[in-house]
Amino acid sequence: MRIGRVLRHLVSPSWVLGRTFTPDVMAAIDAAVKASEARHRGEIRFAVEAGLDIAGLLRDVSARERAVEVFSRLRVWDTEENTGVLIYVQWLDRCVEIVADRGIARQVPQAEWERVCRQMEAAFRAGRYAEGSVEAVRAVGDLLAGPFPAGAGNPNELPDRPVLL
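All the letters of the sequence shown, read from the start, carry residue numbers 180 to 344 under the numbering used here.
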């Protein structure tokens, strides 16, 4: 457990996200998810979390571990074809993780998800939060469109609206 990380998470208020992920940014992400899902049978959820609680910090939970927890909590796994994808942003640690359900994980290599994560982190470092988020949603859509193209019946099984945790 790193003291700097613990302090950063404990002293940073959760409302700090609202300064970056404004209603306009959230609407842009929502629109990108809708447009992306029209091209494939996957379901994309986008979640941003300011910091971890004390229990998570004491367990030294990594961004990846927390992303898997959020994947379950938001029920991203609950799709007919097991085609849910979570884009998770751990804001204070400046980490992005993508968790893909088992139906997708068989078709898209982990290295592709990692590439999208690193591009999004680079955009965030440059202060391009809206653009980086929308570009990540589009990139995930591109990865899903090949193996999971949209069909005649393409139900929207999960909410498109991004969530601030």
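We treat Cβ as the ideally placed atom computed from N, Cα and C, and that holds for glycine.
- Message: Measuring only the C-alpha atoms, how far is residue 224 from residue 305?
- Response: Residue numbering aside, residue 224 sits at position 45 when the sequence shown is read from its first letter. Residue numbering aside, residue 305 sits at position 126 when the sequence shown is read from its first letter. Straight-line Cα distance between these residues: approximately 24 Å.
- Query: Helix, strand or coil: which one does DSSP assign to residue 202?
  - Reply: By one-based count along the sequence shown, residue 202 stands at place 23. It is helical.
- Item | Closest residue to residue 325 among 205, 220, 338, 182 (Cα-Cα distance) | Residue 325 sits at position 146 when you count from the first residue of the sequence shown. Nearest of 205, 220, 338, 182 to residue 325, Cα basis: 220.
- Query: Would the beta-carbon of residue 314 fall within 9 Å of that of residue 298?
  - Reply: Working through the sequence shown from its first residue, we reach residue 314 at position 135. Working through the sequence shown from its first residue, we reach residue 298 at position 119. By the CB criterion at 9 Å, residue 314 and residue 298 fall inside the cutoff.
- Item | Contact between the segment 245-259 and the segment 194-204 (3+ Cβ pairs under 8 Å) | Contact between the segment 245-259 and the segment 194-204 is absent, because fewer than three Cβ pairs lie under 8 Å.
- Message: Tell me which residue opens and which closes the alpha helix (DSSP H) that residue 137 is part of.
- Response: The structure shown does not extend to residue 137, since the chain spans only 180 to 344, so no value can be given for it.
- Could you give the residue range of the beta strand (DSSP E) that holds residue 263? Here residue 263 is taken as the residue at index 84 of the sequence shown, counted from 1. In this chain, the beta strand (DSSP E) harbouring residue 263 covers 263-269.
- Task: Please confirm whether residue 229 and residue 270 have their CB atoms less than 9 Å apart.
- Result: The residue you call residue 229 lines up with position 50 of the sequence shown. The residue you call residue 270 lines up with position 91 of the sequence shown. Contact annotation: residue 229 and residue 270 have beta-carbon atoms nearer than 9 Å.
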